[in-house]
Structures are given as structure tokens and as C-alpha cells.
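Working notes for the structure below.
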Amino acid sequence: MAAARRHRRVAASQPGFIPLKSDLDGKSLSIGRRKRVNKNKKKNWNKYSDINDVEEFLDDVRLQERATGGLIADKTDESLFFVDTGTKESVLEPASSEETGKKSKPLRIDLILQPTSNVAPPKDILAHQRPNAKKERRIAQKIQKLTDMGVLPRRKRPQKVPVKEKPIISKDPDRNFYDIWSAGSPETADPYYLEQTKKKLVKRPEKMNEKPSLLPAVEVIAPGGSYNPDFLSHQALLLEAHEVEVTKLKAETKLARKLAVNKKEFATQETTFKEQIEGLVEEGEEPENETEGPEAVADADEDEAVGPTAQQEKKTEKQRKREKDERIKELQKKAARQMIDSRQQLFKLRSIETELKKREQKTKMRQIKRKTQQEAQKTLPRRLGKLKFQAPDLDVQLSDELAGSLRTLKPEGSVLKDRFKSLQKRNLIEPRERAKFKRKHKLKYVEKRDFKEIK
């Protein structure tokens, strides 16, 4: 009776619990006297404690979960009961012999293997905690995305059967016309095979087709350089040559001025005399009062400065509160000033708009200027080596050197030098200078034996 009473107490403690098994069994009806045991020790608690009621309750809960998939108290009425309204008239169609055969009846082994419990299997937590799970998931998503796009993975590419081209039939009327007398022949072979056998050249980069300079290969000389030029064109050419010589002369004078010795550094009679008598005349010792005067003054100043430093007095509570109020007022003033500035900016919208327009105009002007500079640099020679390009001298004749006919014309310039400078100007070769002779070993002076005997 005590066990049954205790079981009811445990079941009653569960809210809405309906037991599936009956409490009327032989054990619950058995009448027995409770044994009195000292329970001051843990050993007696484990030995003489009755836990049958708890085990029966848990067994009943497990049975309900296996049979119905949960506790009966949690189920709805519709899932447990139904209203019997009588027999339902249904016309049974005659079943065929095939439907009533062995195929309609499941095998016994399949029935044995079917789950008898409605409890869902527990999730394997460790299955979700495998290493590199995020990386593998990301790779799987990427592969799925590529397969949706029609791109096969690298392992499955060889498995893809290539589509064979339809062979050319000799009797096909729509086939291409082939001229046996033409110079060229159609390329029916594989392009990769042609490239490997050097029968087809590799595609030339488009950058190599661009010219390094926009200058023409042969520049036409100015009209003033003719053997019988016009007066104005000849004078214009002379003026251009004069300006070139003036710039060269200015550069030379500037270099000479920078390399020249300063007049202040010239040696005078006094400096030369001091250098001559240096080390001969002993300098007199300076008086002690003059040398030690500043040091004594410095020591005196140090003695005056040394002393007990004034300790800073501790601030009172009133002073701290005053400083705190001043800081708060300063922050409030700063916030109010920022608010006023933000409000005033609303009235400056027009001026801000005009300023933005000016900035945009300046940027556009800079872009145009940059583009013009880039276009101008396309015609200028670039620095390809350590030397800069030096333009050749203009071949110009003075007015008294002009010849009236080709018969009396004096040959000037060199075609080879002109072509070489043209290649340098068009950025085809780098500017160079004549190689200087550099002696590998130093000269060694040896006296001959005859010369030694004379000495």
C-alpha cells in the first residue's frame, strides 16, 4: 500500500499525467510492514530506498512515447477519439488477381525491420562537429553553383563525351567550294597541332602592333632649309637656330657660375700671413678672471636655484566642483556653437552649390590639361636608358653661304647620323654614346738595366 500510495503521489505531481498501465497489480495490493532502518548513512539510503514507483512512472512515460509518439495528456481529443455515426456504405470494386497476389502483401522480413517505436531517433551531435565543416560546405555550394551554370568539375571533364563533328560527305551539295588552283589551302587540322608543329604562328600581341611614337619615319625639313629658300622662311629658320644656341649658352654660363669659386673664399694677405706664422708664435694665456667669470656666474645661478620645491596644495571640494561646472559649461557652449553652425549652413546652400560647381570646373580643366599633356608626350622621345635624347644641330646656312643652284651647293650633314637620330627620337633604340677606352691593368714602370748602370 505504501508503494502504491507513493506511486500515486509521484504521478499526481506531474501536471496532466495519465498513466497507461493499471495500478492494480499484486505488488501494490500486498500488505507489509515497513522496515525501520537507520538512514544516517549513504550506504543505507542506497540499499533500503524504494525507487520502484519512480521506475514504473518512467517506464509508463517511455511506453506512451513508443506507442503514441508522446504523452497521452498532450494529445488532442481528435487524435485519441472519434465519433461513431454508423456503418459507412462503400461499394467495393472487385479486385484483380494481380492486386490480391503476393505483391500486395509485404514480406515478413520487411515487417520485422519496420520501426515499432514512434520516438524520433536522436541526432548525432558529433556528426555536425567534424573538422573543416565550413570549408567543405563552401566547396559543395561552389560545385553546386558551377553545375547549375553548366560547368563540370575537373574530375568529370574527361568523362564528358566530346561531340563528334559531322563528317564531310563528298556528295553533299551544300559543301564548301574548294579551288585546287588557289595559292592558299584550308586549315582542316587541329589548331593546337598546327601551333606545336610550327605550321601556325602564335597570335601576336596587339601591343606589339602599336607604334612607340607618332612621329613619321622621315621628317620633312623646314622651307628655309632649301638650297634656294624664300627670304622670310630662311630668316625664320635662322631665328630658330639662334634660339637653340642661346639656350645652350645660358646652360653653359649657369654651370660655370655654379662651379666658380666664391670671392669671399679667396686668400688675402692676412690669411696667408697667419698660415705662415702658425705654430711659431705662442699664444698668451687669458686671465683667469675673464675665463672663469661665466662659469662662476653659472655656479651661482645653480646655487640659487637649488632649494626645497614648493609642494602643490590639495584642492578643496569647492574648487573641484567649480572646475567641474566650468567643464560642463564649456561642453554646453561647444555643443551650442556646433548647433548654430549647422543651422547657418542651411542658409549657405547656394554658396556651397556654387563652390561645388567651381570645384567640378577645376577638375574638368585639370583632366583636359592632363589629356593634352599625354597627347603631347606621345610625340616626345622617352628616356629608355641612362642617357637623355639630344636633338641634332640644325643644318642651316647663312645668307652669304646660300647657293643659287644645285651645281654650286655644298653637301652638309650625314644620312647615317640622321637615320640614327630618327630611330632614337621615335623610341626604337635608346640614346648611346661612344664607348670609352678603359684600361684593364695599370701601367707598370720598369727601369732598364742600362739606365741603372748609368746612374
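First residue of the sequence shown: 37, per our numbering; consecutive thereafter.
Just so it is clear, CB atoms sit at the ideal spot from N, CA and C, and this is done for glycine as well.
For residue j and residue i, believed in contact at Cβ under 8 Å, the rounded distance
i, j, result
"LEU273", "VAL451", "Actually they are not in contact, since the Cβ atoms of LEU273 and VAL451 sit about 20 Å apart, beyond 8 Å."
"PHE425", "LYS461", "6 Å"
"ARG102", "SER153", "4 Å"
"LEU430", "GLU276", "7 Å"
"GLU466", "LEU420", "4 Å"
"LEU249", "ALA258", "Here residue 249 turns out to be Ser, not Leu, going by the sequence shown. Their Cβ separation, rounded to whole angstroms, is 20 Å, which puts SER249 and ALA258 out of contact at 8 Å."
"VAL97", "TYR84", "Actually they are not in contact, since the Cβ atoms of VAL97 and TYR84 sit about 26 Å apart, beyond 8 Å."
"PRO428", "LYS457", "5 Å"
"GLY440", "ASN298", "Wrong, their Cβ atoms sit about 55 Å apart, outside the cutoff."
"LYS111", "THR104", "6 Å"
"GLU483", "LEU423", "Not really, about 44 Å apart at Cβ, beyond 8 Å."
"ILE179", "PRO167", "At roughly 20 Å, the Cβ-Cβ gap does not stay under 8 Å, so ILE179 and PRO167 are not in contact."
"ILE108", "GLN100", "6 Å"
"ASN463", "ARG418", "5 Å"
Boundaries of the alpha helix (DSSP H) in which residue i is found, first to last residue
i, result
"ASN82", "78-84"
"LEU382", "353-382"
"ASP160", "No alpha helix (DSSP H) contains ASP160, which DSSP labels as neither H nor E."
"LYS152", "Contrary to the premise, residue 152 reads as Thr rather than Lys in this sequence. From DSSP, THR152 is part of no alpha helix (DSSP H); its letter is neither H nor E."
"MET244", "It is not in any alpha helix (DSSP H) - MET244 carries neither H nor E in the DSSP assignment."
"PRO227", "227-232"
"ALA109", "Unbroken run through ALA109: none, as it is neither H nor E."
"LYS484", "Premise fails: LYS484 is in no alpha helix (DSSP H) and is neither H nor E."
"SER269", "267-295"
As assigned by DSSP and simplified to three states, the class of residue i
i, result
"ALA471", "coil"
"THR496", "The first residue shown for the chain is 37 and the last is 491, placing residue 496 beyond what the model contains."
"GLU389", "helix"
"LYS305", "A small fix is needed here, since residue 305 is Gln in this sequence, not Lys. Reduced to three states, the DSSP call for GLN305 is helix."
"ASN88", "helix"
"ALA253", "coil"
"ILE95", "Looking at the sequence provided, one finds Asp at residue 95 rather than Ile. ASP95: helix per DSSP, three-state reduction."
"GLY3", "As shown, the chain starts at 37 and ends at 491. That puts residue 3 outside it, with no answer to give."
"VAL432", "coil"
"PRO259", "helix"
"ILE216", "coil"
"GLN460", "helix"
"LEU116", "helix"
"PHE425", "coil"
"LEU65", "Below a pLDDT of 50, predicted positions are generally treated as unreliable, and LEU65, at 49, falls in that range; the measurement from the model is reported next regardless. Reduced to three states, the DSSP call for LEU65 is helix."
"LYS446", "coil"
"GLN348", "coil"
"VAL317", "coil"
"ASP146", "helix"
"THR123", "coil"
"ILE179", "helix"
"GLU503", "Residue 503 is absent from the model: the chain starts at 37 and stops at 491."
"ASP454", "helix"
"ILE404", "helix"
"ARG191", "coil"
"LYS200", "coil"
"ALA439", "coil"
"GLU466", "coil"
"VAL171", "The question names Val, yet the displayed sequence has Lys at residue 171. Three-state DSSP puts LYS171 in a helix."
"LYS236", "coil"
"ARG102", "helix"
"ALA341", "Only weak support is given to the placement of ALA341: the predicted model assigns it a pLDDT of 49, under 50, and the value that follows is read from those uncertain coordinates. Here ALA341 sits in helix by DSSP."
"LYS71", "coil"
"LYS478", "coil"
"LYS141", "coil"
Residue i beta carbon near the ligand SAM (any heavy atom closer than 8 Å)
i, result
"ARG190", "The ligand SAM is absent from the structure shown, which contains no ligands of any kind."
Is the segment 229-241 touching the segment 251-259 in the sense that three or more CB pairs, one from each, lie closer than 8 Å?
-> no
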